Amino acid sequence: MKMAMIPKMITFIKLMIIFNLFISILFPILKLNLHPLTYIIILIFYILNLLLLINLELNMNIYMYMIFISMIGGLMIMFMYFTSLINNFKMIMFKYELYLILFTFIMMMICMIYSFMNYNPINYLDKITFKGPDNSIILIYMYPYYTFTFISITYLIYCLNLIMKMSLIKFKSLRKIKN
């Protein structure tokens, strides 16, 4: 594949991601009676598509990763609230809606895999430096900063476990419901 084809492929991938973003926005508008868990799934797809677009457009990997972790953490807390407070009713999803979501997701993945398989990184090996602006994230795993990174990871896991224990108390809801 010629090097001139790579910008065209990236543009096509960006257009596919924007198409998926529009579908993620329009799906809840067209369907008025959605289950709250369906909203969470749509929001996860929207976040993933938006972050892929940010990564392709701005090449800010660490910013994308931080937003992904914070948004998924918030969605996990929302999921715990929804499962403890909403009534148990069956989620009805029609086949065409499921096929629409599945089709757009598969098309996006096929385009991305095709473009990455034809991407030749050997041409860019001479531009890579260890302490360049793109590789500065590696420094948080080096000597002076690795203890802070390890302590931060341990603290986040500890907080996640505490929130899970507080949320999963059996026979009690997270907020008091007045009768």
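In case it helps, this note's numbering puts the sequence shown at residues 27 to 205.
The beta carbon of each residue, even a glycine, is placed where N, CA and C say it ideally should be.
Bear in mind the structure is a predicted one, so any value in this text is a computation, not a measurement.
query: Spatial neighbours of I86 within its chain, please: C-beta separation below 8 Å, excluding the five flanking residues on both sides.; result: It is worth fixing the name first, because residue 86 is Met in this sequence and not Ile. For M86, where only same-chain residues beyond five positions count, the Cβ hits under 8 Å are I80.
query: Pull up the distance between the alpha-carbon of Y72 and that of G99, whole angstroms please.; result: 15 Å
query: Mapping DSSP to helix, strand and coil, what is N85?; result: coil
query: Which term fits I136, buried or exposed, when burial requires 16 or more other beta carbons within 10 angstroms of its beta carbon?; result: exposed
query: Considering only residues of the same chain and omitting the five flanking positions on each side of M97, which have a CB-CB separation below 6 Å?; result: I73
query: To the nearest angstrom, how far is it from the Cα of M168 to the Cα of M90?; result: 22 Å
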